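Student: When we follow UniProt numbering, the leftmost residue of the sequence shown carries the number 1, and every step to the right adds one. Each residue gets a CB set at the ideal place from its N, CA and C atoms; glycine is no exception. All figures in this text were calculated on a predicted structure; none of them were measured in a lab.
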Amino acid sequence: MAYKYLVIVESPAKAKTIEKYLGRNYKVVASLGHIRDLPKSRMGVDFDNDYQPDYITIRGKGPVIKDLKKHAKKAEKVFLAADPDREGEAIAWHLSHILKLDNEEKNRVVFNEITKEAVKNALKNPRNLNEDLIDSQQARRILDRIVGYQISPLLWKKVKRGLSAGRVQSVALKMICDREEEIKNFVPEEYWSIEAKFKKAKKVFDANFYGLNNKKTKLPDNEAVQNVLEKLDQKADFDVTKVVKKERKRNPYAPFTTSSLQQEAAGKLNFRTRKTMMIAQQLYEGISLGKGGTTGLITYMRTDSTRLSDTAKQEAHQVILSEFGEEYAATKPRKQKNAQSAQDAHEAIRATSAMRKPSDIKQYLSKDQYKLYSLIWSRFIASQMKPAVYDTVRVDIEQNGVRFRANGSQIKFKGYQLAYAESKKDKDNILPDLEEGDKIKMDAIEPNQHFTQPPARYSEATLIKTLEENGVGRPSTYAPTLETIQRRYYVTLANKRFEPTELGTIVNTIIGEFFPNIVDVNFTADMEKDLDAVEEGTKEWVEVIDQFYKPFKEEVTTAEKELEEVEIEDEPAGFDCEKCGSPMVIKMGRYGKFYACSNFPDCRNTKPIVKKIGVTCPVCQKGEVVERKSKKKRIFYGCENYPECEFTSWDKPIGRDCPKCDHYLVEHKTKKQKQVICSNCDYKEEPQK
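1. To the nearest angstrom, how far is it from the Cα of residue 768 to the Cα of T17?
2. Excluding the 5 residues flanking N605 on each side, which residues of the same chain have their C-beta closer than 6 Å to its C-beta?
3. When you compare the CB positions of A90 and Q150, do they come within less than 8 Å of one another, or not?
4. Please classify D682: does DSSP put it in a helix, a strand, or coil?
5. Suppose contacts are defined by Cβ-Cβ distances below 8 Å. Is G166 in contact with V147 by that definition?
6. When DSSP labels each residue in this structure, what does G597 get in the three-state scheme?
7. Going by DSSP in three states, D662 sits in which element: helix, strand or coil?
8. Would you report the Cα separation of F256 and Y478, rounded to the nearest angstrom?
9. Classify V171 as helix, strand or coil using the three-state DSSP reduction.
10. Locate the beta strand (DSSP E) running through A406, then write down its first and last residues.
11. Could you give the distance in angstroms between the alpha-carbon of Q449 and the alpha-carbon of I430?
12. Rank K441, S476 and S582 by C-alpha distance to the C-alpha of K235 and give the top, closest one.
13. Closest Cβ-Cβ distance between D657 and chain B: below 8 Å?
14. Could you have a look at H450 and say whether DSSP puts it in helix, strand or coil?
15. Does the beta-carbon of D682 have 16 or more other beta-carbons within 10 angstroms, so that it is buried, or is it exposed?
16. Assign C661 to one of two classes, buried (16 or more other C-beta atoms within 10 Å of its C-beta) or exposed (fewer than that).
17. Rounded to whole angstroms, what is the Cα-Cα separation between K367 and Q263?
18. Nearest-angstrom Cα distance between G292 and E627?
19. By DSSP's criteria, D657 is part of a beta bridge. Which residues make up the other side?
20. Suppose you measure from the CA of G60 to the CA of D54; what does that come to, to the nearest Å?
21. Return yes when the Cβ of I279 is within less than 8 Å of the Cβ of Q369, no when it is not.
22. Which partner residues of N429 appear in the DSSP bridge assignment?
23. Is the beta carbon of V228 sitting closer than 8 Å to the one on F205?
24. Can you tell me the Cβ-Cβ gap for I361 and A316, rounded? I've got them flagged as a contact below 8 Å.
25. Taking the C-alpha atoms as reference points, what is the distance between N125 and K496?
26. By how many angstroms is the C-alpha of M584 removed from the C-alpha of F575?
27. If we call anything under 8 Å between Cβ atoms a contact, is P455 one with I183?
28. Note the first and the last residue of the continuous beta strand (DSSP E) segment covering V78.
29. Cutting at 7 Å between CB atoms, please list the residues of its own chain near Y490, excluding the five before and the five after it.
30. Look up W192 in the DSSP assignment and give the residues it is bridged to.
31. Fully enclosed by the region 438-522, which alpha helix (DSSP H) runs are 4 residues long or longer?
32. Use the C-beta contact count for W156: other C-beta atoms within 10 angstroms, 16 or more gives buried, fewer gives exposed.
33. If distances are taken between C-alpha atoms only, which option among V619, V666, Q453 and V610 comes closest to E189?
34. Please confirm if the region 74-93 is in contact with the region 114-133, defined as three or more CB-CB distances below 8 Å between the two stretches.
35. When the Cα atoms are used, what is the spatial distance from Y637 to P608?
36. Please state whether the Cβ-Cβ distance between Y373 and L308 is less than 8 Å.
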């Protein structure tokens, strides 16, 4: 089919969606991401020539480039439509180079959302390639290459092969290691509280000890508690000395940025960061809505801005009027304040059309797509609604200089919470009608001993939040950073919390000692600001790299001289090799610990370290059932004698047989409960909460 214009995007899914919006004069093809990059086998940066990069064609991209050139020859004009961010601008620049396009010609188009109107408008308003954006991406790429290709060989040489270091990943690793050190060194401190119940007109309510003689007082030990209790006559009246009633407003949250979406999807939907971004990409690139055709459902999902377009605000206002009523719509469209480090290059993440309610398109979405789209749509709509309003009351109750305090609250007007519920639902705590001067009785009193708790380990969501608050990394870097430190086995996720491995601790110690700037949060945040300044056109990229590289080079030289080899000692496994009789040891591998023969390399026997669950294999009746992990890190159960015995089960065998059919019983888990069921028939036991 003949066509006049060629549009090059990054992904086939995006190409498919956009081609449906354009007429037969357009051909839309995908570059499948980057087509040129720095070489993997060498540094690829010319330090003697202003850090000029030596780009080469990425291995395997030859056929793609050949097709792109063939299509470009047939077209009167080529439009470069990679994603609207630094990486997308760099891809467009590399495509322009490969296809020998005229850089003076306006052929760059960007889609903040993939809808028919947005795509057609973008093609009517092409622009030149943004050199500042390209320089910023190039500077980041070169900096990451310098750090990675000069520290990583040191780690290979002094610790073990396969290790790596990076700008943002090293800071993230340090944060996790520092938190683990805090937990390790934490000394619990004792403190006490006194909870009391008071009664007025048969209504019992709670109050907590506040202080003595008009001053807030801590209770460090039982002696302090007894001192308070001695002052009280529980049978005598207590005086209501102060009643403060207020109306409190809670404003709606801003629409999502990349990091707030990742955090909220983790908390509300239990999504890992990678999963959130993968599904968001699908929603952005387009979903087939039956007769409605394929359309992008959300705006671009890599953004640190909370800004909304006027059109989006107007649409949201119309939806609020029709769905909730005029009393819930903000009187004026809300303006959201961006974080200080936000670039504001794009809008916030929102539904491309407020009118497209989740329930209307549920049939076209997968279960996870529906969940994430609902979250984004609800937050977008709620951001343009009125605040929630609470009636609050604070009551001070005293006797003999001892003060108790009760706090009550009652929601008066739900406001935005009709559209977007809080993560933790507020429960009304309604106090009886109390007035200053009232006399009330104590119903019960209970002192409680407590101990301070160590800080919690980071989850994916809290680590992203902390990185963002410290100005480390940018929206597009968080997900790959967390993946990298897990893939390198520097950290593991236990109960959804990051714990550093022995290997991660060693790497963090070395980088902290010899490359303090790399793991310094403030230094890394300042570097991000410099790179943003390149993007804004106020700094030269060569200058930014030069300021970093000169002191860094000296640190590398010092490390090469002074860093001694780190020997990760093997642990005795406690049993002998069945092949040669030598003692087995526990070795540290790239993907964790494993059993290996101490007689290596003469004997190469290895075994995975598996967790036995104390149940005999129900198939072979010889081996024990062990816990294993799939490639996607999902836990399953199998016989330790695999491959001789091929028994596997996603559910955990419990060591009992079914009373109905004699097959083995398993423990089946859902999000809400555990239940013993038969692996063969319909037998079930009462579920356990």
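Tutor: Once the coordinates are examined:
1. Absent from the structure is residue 768, since the part of the chain shown begins at 1 and ends at 689.
2. Position 605 of the sequence shown, counted from the first residue, corresponds to residue 605. Taken in chain order, the residues that qualify are C577, K579 and C597.
3. Your numbering for residue 90 matches position 90 in the sequence shown. Your numbering for residue 150 matches position 150 in the sequence shown. Taking 8 Å as the Cβ cut-off, A90 and Q150 do not qualify as a contacting pair.
4. Sequence index remark: in the sequence shown, residue 682 carries index 682 (1-based). Note: D682 maps to coil in three-state DSSP.
5. As a working note, residue 166 is residue 166 in the sequence shown. As a working note, residue 147 is residue 147 in the sequence shown. A distance below 8 Å separates the beta carbons of G166 and V147.
6. Indexing the sequence shown from 1 puts residue 597 at position 597. Before going further, note that residue 597 is Cys rather than Gly in the sequence given. Looking at C597 - three-state DSSP - the assignment turns out to be strand.
7. Within the sequence shown, residue 662 is the residue found at index 662, counting from 1. DSSP places D662 in coil when its eight states are reduced to three.
8. For the purposes of this step, residue 256 is identified with residue 256 of the sequence shown, where counting begins at 1. For the purposes of this step, residue 478 is identified with residue 478 of the sequence shown, where counting begins at 1. Answer to the nearest angstrom: the Cα atoms are 15 Å apart.
9. For the purposes of this step, residue 171 is taken as the residue at position 171 of the sequence shown. Here V171 sits in helix by DSSP.
10. As a working mapping, residue 406 is identified with position 406 in the sequence shown. Where A406 is concerned, the enclosing beta strand (DSSP E) stretches over V402 to F413.
11. Here the question's residue 449 lines up with position 449 in the sequence shown. Here the question's residue 430 lines up with position 430 in the sequence shown. Answer to the nearest angstrom: the Cα atoms are 27 Å apart.
12. Locating residue 235 in the sequence shown gives position 235, counting from the first residue. Of the listed residues, the one whose Cα sits closest to K235 is K441.
13. Judged by its chain identifiers, the structure shown contains no chain B, having just a single protein chain.
14. Within the sequence shown, residue 450 is the residue found at index 450, counting from 1. Three-state DSSP puts H450 in a strand.
15. Here residue 682 corresponds to residue number 682 of the sequence shown, with the count starting at 1. Burial call: exposed.
16. Sequence index remark: in the sequence shown, residue 661 carries index 661 (1-based). So C661 counts as exposed.
17. Indexing the sequence shown from 1 puts residue 367 at position 367. Indexing the sequence shown from 1 puts residue 263 at position 263. In this model, K367 and Q263 are separated by some 19 Å (Cα to Cα).
18. Within the sequence shown, residue 292 is the residue found at index 292, counting from 1. Within the sequence shown, residue 627 is the residue found at index 627, counting from 1. Approximately 47 Å, taken between the alpha carbons.
19. The residue you call residue 657 lines up with position 657 of the sequence shown. Its beta-bridge partners are Y664.
20. Here residue 60 is taken as the residue at index 60 of the sequence shown, counted from 1. Here residue 54 is taken as the residue at index 54 of the sequence shown, counted from 1. The alpha-carbon separation between G60 and D54 amounts to approximately 18 Å.
21. Within the sequence shown, numbered from 1, the residue matching residue 369 stands at position 369. Within the sequence shown, numbered from 1, the residue matching residue 279 stands at position 279. The answer is yes: Cβ separation under 8 Å.
22. Counting from 1 along the sequence shown, the entry for residue 429 is found at position 429. N429 is bridged by DSSP to S409.
23. Taking the sequence shown and counting its residues from 1, the one referred to as residue 228 is at position 228. Taking the sequence shown and counting its residues from 1, the one referred to as residue 205 is at position 205. No, they are not a contact pair.
24. Translated into the one-based positions of the sequence shown, residue 361 becomes position 361. Translated into the one-based positions of the sequence shown, residue 316 becomes position 316. Actually they are not in contact, since the Cβ atoms of I361 and A316 sit about 17 Å apart, beyond 8 Å.
25. In the sequence shown, the residue the question calls residue 125 occupies position 125. In the sequence shown, the residue the question calls residue 496 occupies position 496. Going by the C-alpha atoms only, they are around 46 Å apart.
26. Position 575 of the sequence shown, counting from 1, holds the residue named residue 575. Position 584 of the sequence shown, counting from 1, holds the residue named residue 584. Taken atom to atom, the span from the alpha-carbon of F575 to that of M584 is near 6 Å.
27. Sequence index remark: in the sequence shown, residue 455 carries index 455 (1-based). Sequence index remark: in the sequence shown, residue 183 carries index 183 (1-based). Taking 8 Å as the Cβ cut-off, P455 and I183 qualify as a contacting pair.
28. Within the sequence shown, residue 78 is the residue found at index 78, counting from 1. Residues K77 to L80.
29. For this step, residue 490 is matched to residue 490 along the sequence shown. Excluding residues up to 5 positions away in sequence, L173, P500, T501, L503, G504 and V507 lie with their Cβ nearer than 7 Å to the Cβ of Y490 in the same chain.
30. Here residue 192 refers to the residue found at position 192 when the sequence shown is read from its first residue. Bridge partners of W192 according to DSSP: Q449.
31. Listed in chain order, the complete alpha helix (DSSP H) runs (minimum 4 residues) inside the region 438-522 are 460-469, 478-487 and 502-514.
32. Your numbering for residue 156 matches position 156 in the sequence shown. Here W156 is exposed, its C-beta having fewer than 16 other C-beta atoms within 10 Å.
33. For this step, residue 189 is matched to residue 189 along the sequence shown. Nearest Cα to E189 within the set V619, V666, Q453 and V610: Q453.
34. Verdict: yes, contact present.
35. Walking along the sequence shown from the start, residue 637 turns up at place 637. Walking along the sequence shown from the start, residue 608 turns up at place 608. Put simply, the backbone Cα of Y637 is about 14 Å away from that of P608.
36. Indexing the sequence shown from 1 puts residue 373 at position 373. Indexing the sequence shown from 1 puts residue 308 at position 308. No. Outside cutoff.
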